[in-house]
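Sequence order for the protein chains is U and A.
Under the numbering used here, the first residue of the first sequence carries the number 1, and numbering increases by one thereafter.
Under the numbering used here, the first residue of the second sequence carries the number 740, and numbering increases by one thereafter.
For glycine and all other residues, C-beta sits at the position ideal for the given N, C-alpha and C.
On a predicted model such as this, the values are computed, not experimentally measured, just so you know.
Worksheet: the structure to be examined is printed underneath.
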Amino acid sequence: MTAFENNIDITEDLIAEHGLSADEYQRVLDIMGRTPTLTELGIFSVMWSEHCSYKSSRLHLKKLPTEAPWVICGPGENAGIIDIGDGQAAIFKMESHNHPSYIEPYQGAATGVGGILRDVFTMGARPVANMNALRFGEPEHPKTRHLLSGVVEGIGGYGNCVGVPTVGGETNFHPSYNGNILVNAMTVGLADADNIFYCAAAGVGNPVVYVGSKTGRDGIHGATMASAEFTEDSEEKRPTVQVGDPFTEKLLIEACLELMQKDAIVAIQDMGAAGLTSSSVEMASKGDVGFELNLNNVPQREEHMTPYEMMLSESQERMLMVLKPGHEGEAEAIFRKWDLDFAVIGEITDTGNLTLTFDGDVVADIPVAPLTDLAPEYDRPWVPSEPKADIKAEDVAAPADLGDALLKMMGSPHLASRKWIWEQYDHMVMGDTIQRPGGDAAMVRVHGTEKGLAISTDCTPRYCYADPVQGGRQAVAETWRNITATGATPLAITNCLNFGNPERPEIMGQFVECLKGMGEACIALDYPVVSGNVSLYNETNGTGIHPTPAIGGVGLIADTSKMTTIAPKAEGEVLVLIGGGQGHLGASLYLDIIESREDGGAPEVDLDKERHYGDFVREQILGSKVSACHDISDGGLLVALTEMSLASSIGFDIDLGDNLPIHAAAFGEDQARYILSVTAAHAEQIVKDAQDENIPASILGKTQGTDLIVKGQMNIPLQQVLDLHRNWMPEYMRAEHSA
Amino acid sequence: MKSAVIVFPASNCDRDMAVALEKITGQAPQMVWHQESELPDVDLVALPGGFSYGDYLRCGAMAARSHIMKAIVDHGNQGKYVFGVCNGFQVLTETGLLPGALMRNRNLKFICKDVTLKVENNDSVFTRQYQHGQLINIPIAHHDGNYFADADTLKRLEDNNQIAVRYVDHNGEATKAANPNGSQHNIAGILNKKGNVLGMMPHPERLIEDALGGTDGRGFFESLMHSLN
Chain U
1 MTAFENNIDI TEDLIAEHGL SADEYQRVLD IMGRTPTLTE LGIFSVMWSE HCSYKSSRLH
61 LKKLPTEAPW VICGPGENAG IIDIGDGQAA IFKMESHNHP SYIEPYQGAA TGVGGILRDV
121 FTMGARPVAN MNALRFGEPE HPKTRHLLSG VVEGIGGYGN CVGVPTVGGE TNFHPSYNGN
181 ILVNAMTVGL ADADNIFYCA AAGVGNPVVY VGSKTGRDGI HGATMASAEF TEDSEEKRPT
241 VQVGDPFTEK LLIEACLELM QKDAIVAIQD MGAAGLTSSS VEMASKGDVG FELNLNNVPQ
301 REEHMTPYEM MLSESQERML MVLKPGHEGE AEAIFRKWDL DFAVIGEITD TGNLTLTFDG
361 DVVADIPVAP LTDLAPEYDR PWVPSEPKAD IKAEDVAAPA DLGDALLKMM GSPHLASRKW
421 IWEQYDHMVM GDTIQRPGGD AAMVRVHGTE KGLAISTDCT PRYCYADPVQ GGRQAVAETW
481 RNITATGATP LAITNCLNFG NPERPEIMGQ FVECLKGMGE ACIALDYPVV SGNVSLYNET
541 NGTGIHPTPA IGGVGLIADT SKMTTIAPKA EGEVLVLIGG GQGHLGASLY LDIIESREDG
601 GAPEVDLDKE RHYGDFVREQ ILGSKVSACH DISDGGLLVA LTEMSLASSI GFDIDLGDNL
661 PIHAAAFGED QARYILSVTA AHAEQIVKDA QDENIPASIL GKTQGTDLIV KGQMNIPLQQ
721 VLDLHRNWMP EYMRAEHSA
Chain A
740 MKSAVIVFPA SNCDRDMAVA LEKITGQAPQ MVWHQESELP DVDLVALPGG FSYGDYLRCG
800 AMAARSHIMK AIVDHGNQGK YVFGVCNGFQ VLTETGLLPG ALMRNRNLKF ICKDVTLKVE
860 NNDSVFTRQY QHGQLINIPI AHHDGNYFAD ADTLKRLEDN NQIAVRYVDH NGEATKAANP
920 NGSQHNIAGI LNKKGNVLGM MPHPERLIED ALGGTDGRGF FESLMHSLN
């Protein structure tokens, strides 16, 4: 065995391998006033990676609205926190695990779930719901089945074992993700508002404690991998994908929550991307203190690990804590009870430095403040996206048969049932899932109360591609609408901003403009951003993904007995359209599925109307006048109505009138629209009340029988739609092993 | 009714089981840690669902060898009541309190959904509140629920009326299509010969109120309560 070489020549090649530019390395030299050691170089490399430093995005993220009276903690901590009344808080965040999931779908997705769970319980919350937003390549692509299968199994394998229900999500297919899938996972947790934990270290001399799994060599430089484009040899990077252990995670959740009931913790931080490095730097930086760690005390899974490896390992299920002095014994007993490692690995100092010792030598000694404060920040050049030409409904061929078009759409990969996916997730454990997957938003009851949290993840990447500003607005508005459609009041969002290479001005333009749209929507809807994550360089061999700012929204309903679902409760209910419609077909699913075209502009998102119409709808629901409610999104009005029928097994009989070409009326994707299913007694009044408020409202028809009827246009059995809708994914996946 | 819920590392339906027991019987169960070697004085021991010890060996195999198990086996052998759900059922087969084994689901996937069950034996302390042949909806959530036993054991289970619940279709027929996981004879839950130990893969504790989608699961707890009070 050779001794660890820490003081080696820092060559240009070595700097490049660490993903640092020449300018960035010069900055390292300026901060250190000397040549860094190898361990120090590694630390700078991960801390200044795009993934950890947000160097391309920070400037623009600062513009997002992050405040509201109910926000307890906005971006900058492990997760965002909102007040949900009665001394309770909801803590949530969404995070990407795109690159690892493409290389090794099961472990990539599983550790994505593990990481986001830790971000939430680190703050003192018991995780109560998981969600996800997944994008795969086109179904015909030879890798899509394998990736879909592995990702779903990985999410299930982790979430099911830790016993947190996976209550919903969304899945899209598009060729732009052929070489770069997106796996975004979200966790929502519940905490007492007066028992929340932050990561700022304090108290010189206080012990720094490592708990959880042992450190191995897995995931070294994962954060750096996540900050570079994919190339053909990326699959050789499999060793940088970590391996998840949900069993240990479950123990870690219970042990941490148990210790959090004692008065022992000063600060706590999970070891996520860049592991021990980012957690210790973050804690020291936030607390304006120094850390001295003896790396010989780090619990290790493998022999002869070097300081460099220990600091860069991304082994999972680990946490770093600062304890109040004298509480080590109490804490250790809890972690031992749960069969977890517990080690005091250092203490807080007043030097302001991160000082690492190993075998008696100082192997790294970095001033923390400049490491974080002087991290590179770029104002990357960007160009606005070219506006796409509008498409008039008259210029799009009408379908030969409306029923055939609907069947084709409902059985397409875009709209087919996702049951095959969510049946692999335990969506009921914890006994509070009162709205299961398949509706507009999932709903979990706040345990032991009548309150409910509505959760929705959404983004329409084809709109973001066609028009980033409208697409950014729409992603936020759609989660808001989905939450509204349950009767809950939307409170705040988290996000996962997935884009291509920011060094290309057109990609940077997509990023800047999507954020502009998102910010406008957040302000108009009183719906701030409280946490989030940026994933750039989602490209393979120079081809970027569709811009995909996935939004995770959370809302609150005070009385869950008033909650609505998308399923009408009886025949003879009246179907009311709120929000009218101009028949916008640009960038629509109709255009894509029926006409094989992806052109046209995105629908306009009028934020005043969104707010006004949505508030009206929620008022009707909370006034107990609504039996079912569904927002109108992908595929338009007729698809939304059909989804309501599929959920209730009751058909409909409606009239779409003749103001618009039939395909525009049926499949136009105008925004700010809802369908309400109401008893006949309430219908006229709701329409009148809406019109009095200048909200377009009209009666479409009623729920009835087992056929889907559009007057003069269509009459098809619901069963026929159901078969196509339900069978696409299972049949597609059946070929997984025979392909 | 006095009850205990056993907590193994990575049990994850322990709270759900406790909530159901308390809500329906009016008495909160005692939570018993796997490292204990004695049970409190209780009528019923419940083994909850989850992934005890990560299920990294055969499901339930590690839990079956944990400290508390000897006391639970004694409890069962003395004719006192033991109720295992999902992972709890797997643990019971691993201890030998119930015959057979739970193998990986036929489709090799985790499955979480409501299934229709037929109450085949309503003559036990666990099932008395149901009608004979009653069809009930209960969710399953497992990766390894494919019940297997040798032919002699299956015959004995059938002959002794030890099959408590079976997976069936809406007409009450135990068809292949209604069998979610490949279990032999569509078996979803079995009793031991004396009828004081029940193991089942479906989760009755998940359907005990309308807000959760139904109340068909209450009968198991109500049966116990009426039998024991």
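Residue i, DSSP secondary structure in three states
| i | result |
| --- | --- |
| residue 1 of chain U | Only weak support exists for where residue 1 of chain U lies, its pLDDT of 38 falling under 50; the value from the coordinates is given anyway. Correct three-state label for residue 1 of chain U: coil. |
| residue 724 of chain U | helix |
| residue 973 of chain A | Residue 973 of chain A falls outside the range modelled here, since chain A spans only 740 to 968, and no answer is possible. |
| residue 34 of chain U | coil |
| residue 960 of chain A | helix |
| residue 170 of chain U | strand |
| residue 686 of chain U | helix |
| residue 250 of chain U | helix |
| residue 736 of chain U | coil |
| residue 560 of chain U | helix |
| residue 379 of chain U | coil |
| residue 52 of chain U | helix |
| residue 532 of chain U | strand |
| residue 674 of chain U | strand |
| residue 955 of chain A | coil |
| residue 797 of chain A | coil |
| residue 445 of chain U | strand |
| residue 403 of chain U | helix |
Cβ-Cβ separation, residue j to residue i (assumed contact under 8 Å), whole Å
| i | j | result |
| --- | --- | --- |
| residue 578 of chain U | residue 950 of chain A | Contact flag wrong, Cβ pair sits at about 27 Å. |
| residue 669 of chain U | residue 566 of chain U | Not confirmed; about 18 Å, so no contact. |
| residue 344 of chain U | residue 307 of chain U | Not quite, the Cβ-Cβ distance comes to about 18 Å (not below 8 Å), so this is no contact. |
| residue 864 of chain A | residue 958 of chain A | Wrong, their Cβ atoms sit about 12 Å apart, outside the cutoff. |
| residue 431 of chain U | residue 945 of chain A | 6 Å |
| residue 538 of chain U | residue 498 of chain U | 5 Å |
| residue 762 of chain A | residue 875 of chain A | Rounded, the Cβ-Cβ distance is 18 Å, inconsistent with contact. |
C-beta atoms of residue i and residue j nearer than 8 Å
| i | j | result |
| --- | --- | --- |
| residue 766 of chain A | residue 781 of chain A | no |
| residue 402 of chain U | residue 650 of chain U | no |
| residue 919 of chain A | residue 877 of chain A | no |
| residue 492 of chain U | residue 80 of chain U | yes |
| residue 312 of chain U | residue 114 of chain U | no |
| residue 188 of chain U | residue 333 of chain U | no |
| residue 903 of chain A | residue 939 of chain A | yes |
| residue 39 of chain U | residue 10 of chain U | no |
| residue 523 of chain U | residue 452 of chain U | no |
| residue 839 of chain A | residue 858 of chain A | no |
| residue 596 of chain U | residue 667 of chain U | no |
| residue 532 of chain U | residue 260 of chain U | no |
| residue 415 of chain U | residue 710 of chain U | no |
| residue 71 of chain U | residue 461 of chain U | no |
| residue 388 of chain U | residue 442 of chain U | no |
Per DSSP, the bridge partner or partners of residue i
| i | result |
| --- | --- |
| residue 906 of chain A | A:856 |
| residue 182 of chain U | U:135 |
| residue 702 of chain U | U:574, U:653 |
| residue 420 of chain U | Answer by DSSP bridge pairing: none, since residue 420 of chain U is not bridged. |
| residue 886 of chain A | A:841 |
| residue 358 of chain U | U:361 |
| residue 544 of chain U | U:539 |
Endpoints, the alpha helix (DSSP H) within which residue i is located
| i | result |
| --- | --- |
| residue 915 of chain A | Unbroken run through residue 915 of chain A: none, as it is neither H nor E. |
| residue 740 of chain A | Looking at the DSSP string, residue 740 of chain A is not in any alpha helix (DSSP H), and its letter there is neither H nor E. |
| residue 648 of chain U | 636-648 |
| residue 347 of chain U | Looking at the DSSP string, residue 347 of chain U is not in any alpha helix (DSSP H); the run it does join, the beta strand (DSSP E), is 341-349. |
| residue 621 of chain U | 607-622 |
Residue range of the beta strand (DSSP E) that includes residue i
| i | result |
| --- | --- |
| residue 73 of chain U | 71-73 |
| residue 91 of chain U | 88-96 |
| residue 210 of chain U | 207-212 |
| residue 468 of chain U | Counting along the chain, residue 468 of chain U falls outside any beta strand (DSSP E), though it belongs to the alpha helix (DSSP H) covering 468-484. |
| residue 329 of chain U | Segment 328-337 is the alpha helix (DSSP H) holding residue 329 of chain U; no beta strand (DSSP E) there. |
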